[in-house]
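Undergrad:
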Amino acid sequence: MRLLLALALVAATSVGPGCIRNSARRGIEPTWMELDPATFEVGETTRADVLDTVGVPSQVLALEEGTALYYLLERSRADGLILLLYNQRVESSYFDRAIFFFDGAGVLTEFSVSEGAGAR
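Here you go:
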């Protein structure tokens, strides 16, 4: 009986309370955040210009009358507490995005970047 109690005590203390922290990054580096949005001019900038400036997109979307280049970076961070009877985990995710729309000739018709572009 004492041996069983001692083993239970050892197991309880070795699997007892703990903390967790993890982080992850998915997507591509947000190089568009470092650029002045005035770098891109509707009606002037071409798809090739955007590809040369920003790089390979996360997705290329085929539209009815053109294409769109979509760039995405997701960052997440989680903190938690592990106890014997109660566990808690809090996760926060942040997204940096940019999307560029082009007509059939490959000329920029519209674009949008994450807030703060040009400020980092």
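Basically my numbering = 1-based index in the sequence shown + 36. Heads up, the beta-carbon is just placed ideally off N, CA and C, and yes, glycines get one too. It should be emphasised that the depicted structure is a prediction, and the values quoted were computed from it without experimental measurement.
(1) With 16 as the cutoff for other CB atoms within 10 Å, does Ala84 come out buried or exposed?
(2) Based on the DSSP output, what are the partners of Val126 in its beta bridges?
(3) Rounded to the nearest angstrom, how far is the Cβ of Leu109 from that of Gly142, given a contact under 8 Å?
(4) Once DSSP output is grouped into helix, strand and coil, what is the label at Val86?
(5) Quick one: residues in its chain with C-beta nearer than 6 Å to the C-beta of Ser59, no 5 flanking neighbours on either side, listed in chain order?
(6) Based on Cα-Cα distance, which residue from Val149, Val78 and Asn123 lies nearest to Leu134?
(7) Whose CA, out of Glu77, Trp68 and Glu80, lies closest to the CA of Gly91?
(8) Name the residue from Leu41, Phe76, Thr81 and Tyr107 whose alpha carbon lies nearest to the alpha carbon of Pro93.
TA: In short:
(1) Counting of Cβ neighbours within 10 angstroms places Ala84 among the exposed residues, the total staying below 16.
(2) For Val126, DSSP records a beta bridge to Asp115.
(3) Wrong, their Cβ atoms sit about 25 Å apart, outside the cutoff.
(4) The answer is helix: DSSP assigns Val86 an H, G or I state.
(5) Hits under 6 Å: Arg113.
(6) It should be noted that the sequence gives Ala, not Leu, for residue 134. Here the closest residue by C-alpha is Val149.
(7) From the listed residues Glu77, Trp68 and Glu80, the smallest Cα separation to Gly91 is found for Trp68.
(8) Of Leu41, Phe76, Thr81 and Tyr107, the residue nearest in Cα terms is Tyr107.
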